[in-house]
Amino acid sequence: MTAPPAQPNAANAPDRDDSGEQRLAKRRALEAAGFPSYGAAFPDTAMLAAVREGFLEGASVRAAGRLLTVRDMGKSVFADLSDGSGRFQLYATKGHTEAFDTFKQLLDAGDLIGVEGVLFTTRLGERTIRLQKWTLLAKALRPLPEKWHGLKDVEIRCRQRYLDLIANPEVREIFERRSRIVRAIREFLWAKGFCEVETPMLQTQAGGAAARPFKTHHTALNAEMVLRIAPELYLKRLLVGGFTKVFELNRNFRNEGLSRSHNPEFTMLEVYQAWSDRAGMQALAQELITSVAQKVCGALQVGLADNLIDLAPPWREVPYCDLVREKAGADWFSLAPEAARARATGLGLVMDPAWSLTQITHEVFEKLVERQLRRPTFVTRLPRELVPLAKVCADDPGVVDVFELIIGGLEIAPGYSELNDPGEQRRRLEEQSGATAQKVDEDFLLALEHGMPPAGGMGVGIDRLVMILTGAEAIREVILFPQLRPKAIEETQR
RNA sequence: GGGCCGGUAGCUCAGUUGGCAGAGCAUCGGACUUUUAAUCCGGUGGUCGCGGGUUCGACUCCCGCCCGGCUCACCA
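Printed below as a string of structure tokens:
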């Protein structure tokens, strides 16, 4: 686990296969030949995708990118150049290319170069740049991953995402799509008059969700602080302050385990609208997600071909209790706790003896109902114990006026009729018990006492939404640098 | 944190009962001026994740640890 000691005689061991050494030697040779190995700016380049799009036989081209493959034919060399927008073939020949021998002998796959040349089409129909001039922009001292099988090792793909992006074009597609999704969400909300705001991520008290926070320390203030688990309580303060349509699209941090659908830092959209309620948010969620999907995916059938999810509205709306009854029996809610526990065990669930009937029921919901809901479904009327920040339903004080939007078995978005009665809010927060319960945030309650408009609020899990819209089967496929166990520093240096 | 699976060349992967550690790609040398997984010929390259143990002998069997994957737990 410790780094190997430096080899004092490494220089005397030229027979070791060390592509780094070989590339360093090439770099020295390039410098000697008048090619600085880390070039200056190379402006006014065309994007290769645009060159392909507007291909014109005989036109001059200036471009820059990374050499991906090099096919040496002796007095000519074919190579593939990639600049992120696409790939394009280069053709260098002894007759037409400046410094051809240097190009052939000292450049490697992985090097960054700038090129100038003329477009033509090869005998096999491949559109190609006939290379006239080239310049070295950066010498790569490490080899590229394998070109045919690509890079598969999940750990390397995540820790060295740049290699994943170079080797696996579909990975780049996912992150470009993520960028378009986030942009489309902002544009949608801006067009509806929502104001984007930023509230503290460094907080003295974590609130707005039930989760263990990350702890940190502010040196100058000598204060213990936490990273936020949700922006909710600050956004509601803005409703008190007179903002009527606000949203925040940024990171939350929860000190929890990692899984296929959980990363400790994740991106959440939270939207609040004064004078609205759960129903208003539900309509907004459906319109937001369908319009973003249509704009970014070009269709409402999204995901992988063998597992398409149909987002066509209207989406199903169904009370929580009905879904539980479908799985656990029509008489479920008339069962005594022990009978419910026995039936849940019979359904294959593992019960904690300390669980209340509400918790047993929620286990049934999460394990047997939720993950089987493929098409978008608004689950409404959740037990009030589960959601302390929402208003109870007028016709049944045991349930709250909220929705939980499920798509593809994932919790994508909750939405509430927000509780604005400070007295009830205090009682509901105090009702919560147990290790995960948030402490009562007195500043938040003080704000509510000044009068918060009745409002609808919702949160959209952006990472999970991107999973749905890209067909990714794990959250780490839609987060550029997902959390992994930290490695010892020595290990990161080969 | 628990259970299961995995870690072998830079990358993708084989490895027999416990008996000299392999292939393809990459890399190095050679041939080739329309190739595109270029092709052909010849080489280099290994702390078999780490540390112990059993054994004449361990990539292989045993124990501990590290890292990853799946899963469970945690997670309104």
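The number in my numbering is simply the position in the first sequence, starting from 1, with 9 added.
Idealized CB from N, CA, C, for every residue including glycine.
These figures come from a predicted structure and were not determined experimentally.
Asked                                                                                                                                                                  : Found
Check I484 in the structure and name its three-state DSSP category.                                                                                                    : helix
In whole angstroms, what separates the C-alpha of V235 from that of F223?                                                                                              : 6 Å
Just to confirm my understanding: we take H227, look at its own chain, exclude 5 residues before and 5 after, and list those with CB closer than 6 Å. What are they?   : M234
Excluding the 5 residues flanking D53 on each side, which residues of the same chain have their C-beta closer than 7 Å to its C-beta?                                  : R71
What's the C-alpha gap between G407 and P392?                                                                                                                          : 6 Å
Quick check: what's the CA-CA separation for R325 versus P385?                                                                                                         : 7 Å
Should R166 be labelled buried (16 or more other beta-carbon atoms within 10 Å of its own) or exposed?                                                                 : buried
Enumerate in chain order the residues of its own chain whose CB-to-CB distance from L457 is below 8 Å, with the five nearest sequence positions on each side excluded. : K245, V249, N429, D430, P431 and Q434
Taking only three categories from DSSP, how would you classify K224?                                                                                                   : strand
Measure the C-alpha to C-alpha separation of L382 and K304 and round it to an integer number of angstroms.                                                             : 24 Å
Suppose contacts are defined by Cβ-Cβ distances below 9 Å. Is R350 in contact with W364 by that definition?                                                            : yes
Taking Cβ to Cβ, would you say E482 is nearer than 9 Å to R269?                                                                                                        : yes
I need the straight-line Cα distance from E241 to Y171, nearest angstrom please.                                                                                       : 34 Å
Is the beta carbon of L145 less than 9 Å from the beta carbon of L77?                                                                                                  : no
With a Cβ-Cβ cutoff of 9 Å, do Y281 and G470 count as a contact?                                                                                                       : no
If you scan the region 270 to 325 from start to end, which runs of the beta strand (DSSP E) of 3 or more residues do you find wholly inside it?                        : 274 to 283
Counting only the same chain and skipping the five closest in sequence on each side, list residues whose C-beta sits under 7 Å from that of I488.                      : N272 and D472
Please determine if the region 57 to 64 and the region 83 to 97 are in contact, where contact requires at least 3 C-beta pairs separated by less than 8 Å.             : yes
Identify the residues that DSSP records as bridge partners of C204: which are they?                                                                                    : V255
Over what stretch of residues does the beta strand (DSSP E) that includes M234 continue unbroken?                                                                      : A232 to L236
When the Cβ atoms of the region 105 to 114 are set against those of the region 139 to 158, are three or more pairs found closer than 8 Å?                              : yes
Can you list the alpha helix (DSSP H) stretches of 4 or more residues lying completely in the region 125 to 174, in chain order?                                       : 163 to 168
Taking I421 as the reference, which of L356, Q291, M210 and T253 has the closest Cα?                                                                                   : Q291
Quick check: what's the CA-CA separation for L133 versus R80?                                                                                                          : 15 Å
How long is the line joining the alpha carbons of A345 and A339, rounded to whole angstroms?                                                                           : 14 Å
Can you list, in chain order, the residues of its chain whose CB lies under 7 Å from that of I238, leaving out five sequence neighbours each side?                     : A215, G217, A218, A220, P222, N261, F262 and R263
Since A149 and R32 are thought to touch, with beta carbons under 8 Å apart, how far apart are those beta carbons, to the nearest angstrom?                             : 7 Å
Within its chain, find whatever has a CB closer than 7 Å to the CB of L278; leave out the 5 residues flanking it on each side and keep chain order.                    : I194, F256, L258, G468, V469 and I471
What are the boundary residues of the alpha helix (DSSP H) that E62 is part of?                                                                                        : L57 to E62
Rounded to whole angstroms, how far is the Cβ of E296 from the Cβ of Q492, which I believe are closer than 8 Å?                                                        : Actually they are not in contact, since the Cβ atoms of E296 and Q492 sit about 33 Å apart, beyond 8 Å.
Apart from the five residues on each side of it in sequence, which residues of its chain come closer than 7 Å, Cβ to Cβ, to E413?                                      : V388, L391, E420 and P423
In the DSSP assignment, what residue or residues form a beta bridge with T386?                                                                                         : R325 and I415
Kindly provide the ranges of any beta strand (DSSP E) runs that are 3 or more residues long and lie completely inside the region 34 to 120, ordered along the chain.   : 69 to 81, 85 to 91 and 96 to 102
Are the beta-carbon atoms belonging to V409 and Y425 less than 9 Å from one another?                                                                                   : yes
Express the C-alpha separation of D89 and M360 in angstroms, rounding to a whole number.                                                                               : 58 Å
Can you tell me which of the three DSSP states D331 falls into?                                                                                                        : helix
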